[in-house]
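Some notes on the structure that comes next.
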Amino acid sequence: MDIVHPRIESYLRSLAEDGEPVLWEMERRASELQFPVVGLLVGRMLYQLASLIGARRVFELGSGFGYSAFFFAQAVGPGGRVVCTDRSERNRQQAEVFLKRAGLWDRIEFHVGHALTVLQQVGGTWDVIFNDIDKEDYPATIELAYRHLRPGGLFITDNVLWGGRVLDDSGDDSPATRAIREFNRQLFAHPGFYTVVYPVRDGVAVAVRRPG
Numbered sequence: 066m067d068i069v070h071p072r073i074e075s076y077l078r079s080l081a082e083d084g085e086p087v088l089w090e091m092e093r094r095a096s097e098l099q100f101p102v103v104g105l106l107v108g109r110m111l112y113q114l115a116s117l118i119g120a121r122r123v124f125e126l127g128s129g130f131g132y133s134a135f136f137f138a139q140a141v142g143p144g145g146r147v148v149c150t151d152r153s154e155r156n157r158q159q160a161e162v163f164l165k166r167a168g169l170w171d172r173i174e175f176h177v178g179h180a181l182t183v184l185q186q187v188g189g190t191w192d193v194i195f196n197d198i199d200k201e202d203y204p205a206t207i208e209l210a211y212r213h214l215r216p217g218g219l220f221i222t223d224n225v226l227w228g229g230r231v232l233d234d235s236g237d238d239s240p241a242t243r244a245i246r247e248f249n250r251q252l253f254a255h256p257g258f259y260t261v262v263y264p265v266r267d268g269v270a271v272a273v274r275r276p277g
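Using the working numbering, the first residue of the sequence shown is number 66, and each one after it goes up by one.
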């Protein structure tokens, strides 16, 4: 199921394209490998959200080879910090190549390992936590993100509409789909977050950490 009509998405992409060569190389690489990335429209949304709250510290739960980090690193500016996580050393190396060429690598700290474990080890308080890990692990991210976000910080999660498979009548009862349904339910019910879902690409949940 297309969340956004393909012609509408193509129109919006045509408006958003800015000719950044490294970004297009990353998209081509993702296409070659059939590797999922958030895409241009969500990437620009991440930049805007981080900029709106003046984010200087961003933690990514799942980074691949740095596509979303490209936008966050631009948003945090010189002296800002984006911590990336991925289980693949090859992805880390590829991210370094791309983000060095973009002039952004000095804002990146890339850890190879399980994202949730790395967040617990690194600790600290963050302006933005971005969640794009294995879907079965989504429910486990909520309390951890809450503990590590500042009041007014953003917990942003990709793929929460899951191509429409989250609908009860979708016929999909896979572990990943069940986990995303449960994640959505828990996140909206959490008293410490105020959550909305933007129907962009595959659905992006944005939860603001309430004070207290």
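Glycine included, every Cβ here is placed at the ideal spot set by N, Cα and C. Quick caveat, the model's predicted, so the values are computed rather than measured.
Annotation for R109: A81 place their beta carbon closer than 6 Å to its own, counting only its chain and skipping 5 residues before and after.
With a cutoff of 8 Å on beta-carbon distance, L219 and V271 are scored as near each other. Per DSSP, the beta bridge partners of R122 are R146.
The Cβ atoms of A134 and V193 lie no closer than 8 Å to each other. Check the Cα spacing between W191 and each of A160, V162 and G145: the tightest is with G145. In the DSSP assignment, V187 falls outside any beta strand (DSSP E) and lies within the alpha helix (DSSP H) extending over A180 to V187. Residues D267 of the same chain have their beta carbon placed closer than 6 Å to that of N224, with the five preceding and five following residues left out of the count. With 16 or more other Cβ atoms from the protein chains shown falling within 10 Å of its own Cβ, W227 counts as buried. Going by DSSP, R274 is part of the beta strand (DSSP E) stretching over V269 to R274. Taking all protein chains in view, the Cβ of L114 is crowded by 16 or more other Cβ atoms within 10 Å, so the residue is classified as buried.
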